[in-house]
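Asker: Residue numbers (the working numbering), protein chains in the order written: chain Z, 190 to 407; chain B, 190 to 407. Dropping a structure here in structure tokens format, bear with me for questions.
Protein chains: 2
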Amino acid sequence: MLSNTTRTQIKKGSHKAVFDPQALYDIIDESLIAHIAIEEDRGPVVIPMLAWRVDNKVYIHGAKNSRLLRTLKTGHKTCLTFTLFDGWVLARSAFHHSAHYRSAVVFGQFENIKDNHEKDRVLNHFIEHIAPGRTEEVRLSNNKELTATQVLAIELNEASVKIGRHCVNDDKEDLDLQTWAGILPYRTVIGPLEPCDDLDSSINLPDYSRAYKHRWYK
Amino acid sequence: MLSNTTRTQIKKGSHKAVFDPQALYDIIDESLIAHIAIEEDRGPVVIPMLAWRVDNKVYIHGAKNSRLLRTLKTGHKTCLTFTLFDGWVLARSAFHHSAHYRSAVVFGQFENIKDNHEKDRVLNHFIEHIAPGRTEEVRLSNNKELTATQVLAIELNEASVKIGRHCVNDDKEDLDLQTWAGILPYRTVIGPLEPCDDLDSSINLPDYSRAYKHRWYK
């Protein structure tokens, strides 16, 4: 069960709250992007970061001189939010229009991963997540590259999940209107792969589509 | 030209900074979701909100009892971030993997829109943005509904835009590896429309696809 602290308790739209940790994991795994906040003297700053999960932790990475990572590695209290937009609910009245979405809000503090073997392990997890099998194909990172890469981890201890997936909910007196009502779905699709200009044309095209729900091409 | 204050100046990856206001507008118009931060006693909180633009302002809305809106309407300093993920850059080395993305970070303070006519105007802009022509088809909001809706606006005065769109950038010594390298593109696609269960089957299916780059169906 996900924690239900005063902070993660969902007050608005509490019927959309979900307490299954797998729902949290699924949203993080599909999102790829975390919007992460830090507090500065002039107010909060929200930065989008690539983020991936291994077991019960979320990882982010970047260059050592990144302002965000320098702040977060000191244990600055933070919030990471993941959002997937799934479509519009088009009601017969303007007022009842709404959205289908899945979102997760995570609270906590990051820890700095110092060990290069551990960095290598979790970075390779990330590559496998976006392109299954690719760590067998690429040149893996050397020690110099791993040392230049800052990797931070946050434990998924305090989090809330919200899933909006209801259908049209019009007022009774609007049901006879001759207005189309229903869902306008959104999907994220991938591909086809675009080779870079200098690629040796004898190299086989890989297929990473098994990591994705939908692809653009046949 | 977008402002270049000490806060919006992009230090990391400054070659990706973009100063054309139209680039900011395009990212906001395509994003639909803003990740908005507020500061609370225990640290920052990032909430995803539907957000849309009219001229040089971004609007958000919700019910009057929403905690986020109650905080923001008092002039709380905030940050809104919009991010579009466009794909993976798959390099020959693990280290040079990166992402295609477009992001915008906006700083400022929201103002509360009190006038129901102005709320109606900007909410109808939002519906037209997601479903062109739909304000001619639906029952528009009445005064009671507009009064129950909180609408906040923020001027786009301080913002930065970052666009990552480079191709594979491998080390010279890795160019001879027999590893596929290139881009794995992501697209957001819409449709087809899904009617709600109780819809009168004689009502024509609308076509809102002109507001979107890609659709899922033929």
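C-beta atoms are modelled at their ideal positions from N, C-alpha and C, and glycine is treated no differently.
Going by other Cβ atoms of all chains shown within 10 Å of its Cβ, with 16 needed for buried, is residue 334(Z) buried or exposed?
Answerer: With 16 or more other Cβ atoms within 10 Å, it is buried.
Asker: Count the other CB atoms within 10 Å of the CB of residue 208(B); is the residue buried (16 or more) or exposed (fewer)?
Answerer: Answer is exposed; the Cβ neighbour count stays below 16.
Asker: Just by C-beta distance, which residues in the segment 242-255 of chain Z are closer than 9 Å to chain B?
Answerer: The segment 242-255 of chain Z vs chain B, Cβ under 9 Å: 251, 252, 254 and 255.
Asker: Tell me which residues of the segment 372-387 of chain Z have at least one Cβ-Cβ distance to chain B shorter than 8 Å, keeping chain order.
Answerer: Under the 8 Å Cβ criterion, the segment 372-387 of chain Z contributes 372, 373, 374, 375, 376, 377, 378, 379, 380, 381, 382, 383, 384, 385, 386 and 387.
Asker: Pull out every residue of the segment 289-317 of chain Z whose Cβ sits closer than 8 Å to any Cβ of chain B, in chain order.
Answerer: Going along the segment 289-317 of chain Z in chain order, one finds 290, 292, 294, 296, 312, 313 and 316 with a Cβ nearer than 8 Å to chain B.
Asker: Would you mind sorting residue 261(B) into buried or exposed? The rule is 16 or more other CB atoms within 10 Å of its CB.
Answerer: Label assigned to residue 261(B): buried.
Asker: Of the choices 307(B), 347(B), 271(B) and 346(B), whose alpha-carbon is the least far from that of residue 235(Z)?
Answerer: When each option's Cα is compared against that of residue 235(Z), the closest is 271(B).
Asker: Buried or exposed, going by whether 16 or more other CB atoms sit within 10 Å of the CB of residue 263(Z)?
Answerer: The residue in question, residue 263(Z), is exposed, as its Cβ has fewer than 16 Cβ neighbours within 10 Å.
Asker: Distance cutoff 7 Å, beta carbons only. Does residue 322(Z) sit that close to anything in chain B?
Answerer: Chain B, which has no Cβ nearer than 7 Å to the Cβ of residue 322(Z), makes this no.
Asker: Kindly list the residues whose CB is nearer than 7 Å to the CB of residue 330(Z), restricted to its own chain and excluding five residues on each side of it in sequence; keep chain order.
Answerer: Result list for residue 330(Z): 309 and 312, in chain order.
Asker: Which residue marks the beginning of the alpha helix (DSSP H) containing residue 307(Z), and which one marks its end?
Answerer: Residue 307(Z) -> alpha helix (DSSP H) spans 305-319.
Asker: So that I know if they touch, is there some Cβ in chain B lying closer than 7 Å to that of residue 219(Z)?
Answerer: Closer than 7 Å: no.
Asker: Taking all protein chains shown into account, decide if residue 322(Z) is buried (16 or more other Cβ within 10 angstroms of its Cβ) or exposed.
Answerer: It is exposed - the Cβ of residue 322(Z) has fewer than 16 other Cβ atoms within 10 Å.
Asker: For the segment 239-259 of chain Z against the segment 314-328 of chain Z, are there 3 or more C-beta pairs whose distance is under 8 Å?
Answerer: At 8 Å Cβ cutoff, the stretches touch.
Asker: Using the beta-carbon count (16 or more within 10 Å), is residue 406(B) buried or exposed?
Answerer: Classification of residue 406(B): exposed, given that the 10 Å Cβ count is below 16.
Asker: What's the call for residue 233(Z), buried or exposed, on a 16-neighbour Cβ count within 10 Å?
Answerer: So residue 233(Z) counts as buried.
Asker: Quick one: Cα of residue 273(Z) to Cα of residue 377(B), how far?
Answerer: Spanning the two alpha carbons is a distance of roughly 11 Å.
Asker: Which residues in the same chain as residue 307(B) place their Cβ atom closer than 7 Å to its Cβ, once the five residues preceding and following it in sequence are excluded?
Answerer: The answer is none, since no qualifying residue turns up.
Asker: In the DSSP assignment, what residue or residues form a beta bridge with residue 222(Z)?
Answerer: DSSP output for residue 222(Z) lists 239(Z) as bridge partner(s).
Asker: Is the segment 212-231 of chain B close to the segment 217-234 of chain Z, with three or more CB pairs under 8 Å?
Answerer: Cβ pair count under 8 Å is three or more, so yes.
Asker: Is residue 353(Z) closer than 7 Å to residue 289(Z) when the C-beta atoms are compared?
Answerer: Cβ atoms of residue 289(Z) and residue 353(Z): closer than 7 Å.
Asker: Using a C-beta to C-beta distance shorter than 7 Å, which residues of chain Z count as neighbours of residue 336(B)?
Answerer: Going along chain Z, no residue has its Cβ under 7 Å from residue 336(B), so there is no contact; the nearest lies around 11 Å.
Asker: Residues of chain Z with CB closer than 8 Å to the CB of residue 363(B), please, in chain order.
Answerer: Ordered by position in chain Z, the residues that pass the 8 Å Cβ test against residue 363(B) are 328.
Asker: Please give me, in chain order, every unbroken run of the alpha helix (DSSP H) with length at least 4 that falls completely inside the segment 249-280 of chain Z.
Answerer: The qualifying runs are 256-261.
Asker: Please confirm if residue 270(Z) has its CB atom under 7 Å from at least one CB of chain B.
Answerer: At least one chain B Cβ lies under 7 Å of residue 270(Z).
Asker: Is any beta-carbon of chain B found at less than 7 Å from that of residue 233(Z)?
Answerer: Residue 233(Z) counts as touching chain B.
Asker: Taking all protein chains shown into account, do 16 or more other C-beta atoms lie within 10 angstroms of the C-beta of residue 399(B), making it buried, or fewer, making it exposed?
Answerer: The residue in question, residue 399(B), is exposed, as its Cβ has fewer than 16 Cβ neighbours within 10 Å.
Asker: Can you check whether the C-beta of residue 198(B) is within less than 7 Å of a C-beta belonging to chain Z?
Answerer: Judged by the 7 Å Cβ criterion, residue 198(B) is not in contact with chain Z.
Asker: Is it true that the CB of residue 382(Z) sits closer than 7 Å to the CB of residue 371(B)?
Answerer: Result yes, Cβ atoms of residue 371(B) and residue 382(Z) sit closer than 7 Å.
Asker: For the putative contact between residue 268(B) and residue 294(B), defined by C-beta atoms under 8 Å, what is the C-beta separation to the nearest angstrom?
Answerer: That pair is a contact at about 6 Å.
Asker: Tell me the rounded alpha-carbon separation between residue 341(B) and residue 285(B).
Answerer: Spanning the two alpha carbons is a distance of roughly 41 Å.
Asker: Hey, does residue 367(Z) have any beta-carbon neighbour from chain B nearer than 7 Å?
Answerer: Interface residue, yes.
Asker: To the nearest angstrom, how far is it from the Cα of residue 259(B) to the Cα of residue 385(Z)?
Answerer: One C-alpha to the other measures close to 49 Å.
Asker: Could you check whether the Cβ of residue 282(B) sits closer than 7 Å to any Cβ belonging to chain Z?
Answerer: Yes - at least one Cβ of chain Z is within 7 Å of the one on residue 282(B).
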